[in-house]
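Under the working numbering, the first residue of the sequence shown is numbered 5, with each subsequent residue one higher.
The beta-carbon is built from N, C-alpha and C at its ideal position, and this holds for glycine as well.
The block underneath contains the structure these notes are about, expressed in structure tokens.
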Amino acid sequence: MNEEKFTRETVLSVRRWSDTLFSFTLTRPAHFRFSAGQFARIGIEVDGEKIFRAYSVVSSPFAEELEFFSIVVPDGAFTSRLQHLKAGDQLLLEKIPFGFLTLARYQKPLPQDLWLLATGTGLAPFLSMLQDFAPWQQYQQIILAYSVRMPEELAYAEEIKTIAQTFGEGGASFKFLPIVTRPVVPPSDTTLAQRLPTLIENGLLEQHAGLALNPATSHVMLCGNPQMVEDTRNALKARGLTMNRRGEGNIAVENYW
Ligand SMILES: Cc1cc2nc3c(=O)[nH]c(=O)nc-3n(C[C@H](O)[C@H](O)[C@H](O)COP(=O)(O)OP(=O)(O)OC[C@H]3O[C@@H](n4cnc5c(N)ncnc54)[C@H](O)[C@@H]3O)c2cc1C
């Protein structure tokens, strides 16, 4: 890639959630402006070659640093190296952010109920949106459902509560629904343990949210595993919701691979 297209940024901190999940923060250059929900292209240099990957920005559009949330794919060209990252290292950051998984894409129906449905690191763009004041003011209800396989993969669970208190005060009502699909202990009444499409089909997602999915009022964003995205999209379509195109419709999606 042309040297003019990226800058070199310094790693400020690294936080490890589990063997396969970590977050890191980078210096944010003044020119790097993004909308909540967009992604950056981050690069590493290996033997003189540059490898870039897409990464949704976790941090608030107002934050001084840029935060990202990463999987470790053991034999992945990028993350098998990135997992050894430490403060003081340098990463390449493409100057321009990308992506259309932003709330600005919704024009009709008007904002009322916002459903943010993620698997794994697909949580990242939603964390950024929740650290923006606009959605809390625009929507009446916000539901965040976050599905992982194992309990130790529920990264950011505590931070989500703090974010809702900080940014949501006086705004939309908020429900956080963590989902663990392979729980080691049998699920209790309050723990959701099935995949998102199943939870839509059997009505449990709406029951736990205390809110109905409704083509006239729901904006639904899906992010993460492409199989989840496809199956959930189909479950939503079966309920009468439509893909958002040219501003109109309920469902917006982003696949991570
Ligand atoms: C728009 C967009 C935004 C993205 N944002 C993020 C992000 O915020 N955080 C993040 O970790 N990744 C994100 N990704 C995926 C990321 O770009 C890379 O795929 C990931 O870093 C792995 O790179 P790799 O070279 O190690 O493996 P790759 O060769 O890129 O992927 C190998 C395989 O690993 C699996 N895989 C890839 N990414 C993930 C993942 N995130 N979770 C679980 N399994 C995965 C898939 O099976 C994939 O086929 C995003 C992708 C896109 C298209």
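Any non-hydrogen atom of ligand 1 closer than 7 angstroms to residue 184 Cβ: Start at 1 with the first residue of the sequence shown, and residue 184 comes out as number 180. The answer is no for residue 184.
Mind listing, in chain order, the continuous beta strand (DSSP E) runs of no fewer than 3 residues lying wholly within the stretch 135-199? 145-152 and 177-184
Let's see if you can read the secondary structure: which residues bound the beta strand (DSSP E) around residue 238? Stepping through the sequence shown from its first residue, residue 238 is reached at position 234. Run containing residue 238: none in the beta strand (DSSP E); it sits in the alpha helix (DSSP H), 230-241.
Going by C-alpha to C-alpha distance, which of 226, 168, 187 and 185 sits closest to residue 179? Here residue 179 refers to the residue found at position 175 when the sequence shown is read from its first residue. For the residues 226, 168, 187 and 185, the minimum Cα distance to residue 179 belongs to 168.
May I ask you to report which of helix, strand or coil DSSP gives residue 204? As a position in the sequence shown, residue 204 is number 200, starting the count at 1. Reduced to three states, the DSSP call for residue 204 is helix.
Nearest-angstrom Cα distance between residue 204 and residue 162? Looking up residue 204 in the sequence shown gives position 200. Looking up residue 162 in the sequence shown gives position 158. Distance between the alpha carbons of residue 204 and residue 162: 25 angstroms.
Rounded to the nearest angstrom, what separates residue 176 and residue 165 at their Cα positions? Here residue 176 refers to the residue found at position 172 of the sequence shown. Here residue 165 refers to the residue found at position 161 of the sequence shown. Looking at the two C-alpha atoms, the distance is approximately 14 angstroms.
If you compare alpha carbons, which of 54, 235 and 185 is closest to residue 94? Position 90 of the sequence shown, counted from the start, is the residue given in the question as residue 94. Measuring from the Cα of residue 94, the nearest candidate turns out to be 54.
When you compare the stretch 81-92 with the stretch 49-69, are there three or more beta-carbon pairs, one atom per stretch, that lie closer than 8 angstroms? yes
Kindly indicate the opening and closing residues of the beta strand (DSSP E) around residue 45. Within the sequence shown, residue 45 is the residue found at index 41, counting from 1. Where residue 45 is concerned, the enclosing beta strand (DSSP E) stretches over 43-50.
Would you say the stretch 55-74 touches the stretch 212-225, given that touching needs at least three Cβ pairs under 8 angstroms? no
Considering only residues of the same chain and omitting the five flanking positions on each side of residue 125, which have a CB-CB separation below 6 angstroms? Along the sequence shown, read from residue 1 onward, the residue named residue 125 stands at position 121. Excluding positions up to five away in sequence, the list reads 73 and 75.
Terminal residues of the continuous beta strand (DSSP E) containing residue 123? Here residue 123 refers to the residue found at position 119 when the sequence shown is read from its first residue. Counting along the chain, the beta strand (DSSP E) containing residue 123 begins and ends at 117-123.
Cβ pair residue 40, residue 147 closer than 8 angstroms: Mapped onto the sequence shown, residue 40 falls at position 36. Mapped onto the sequence shown, residue 147 falls at position 143. No, the pair does not count as a contact, with Cβ atoms beyond the cut-off.
Under the DSSP definition of a beta bridge, which residues are partnered with residue 100? Taking the sequence shown and counting its residues from 1, one reaches residue 100 at position 96. Partner(s): none; residue 100 has no beta bridge.
Assuming residue 50 and residue 131 are in contact, meaning their beta carbons sit under 8 angstroms apart, how far apart are those beta carbons, in whole angstroms? Residue 50 sits at position 46 when you count from the first residue of the sequence shown. Residue 131 sits at position 127 when you count from the first residue of the sequence shown. Wrong, their Cβ atoms sit about 29 angstroms apart, outside the cutoff.
Report the residue ranges of all alpha helix (DSSP H) runs contained in full by the stretch 14-87; include only those spanning at least 4 residues, in chain order. 83-86
Please state whether DSSP places residue 94 in a helix, a strand or coil. Taking the first residue of the sequence shown as position 1, residue 94 is located at position 90. Of the three classes helix, strand and coil, the one that applies to residue 94 here is strand, per DSSP.
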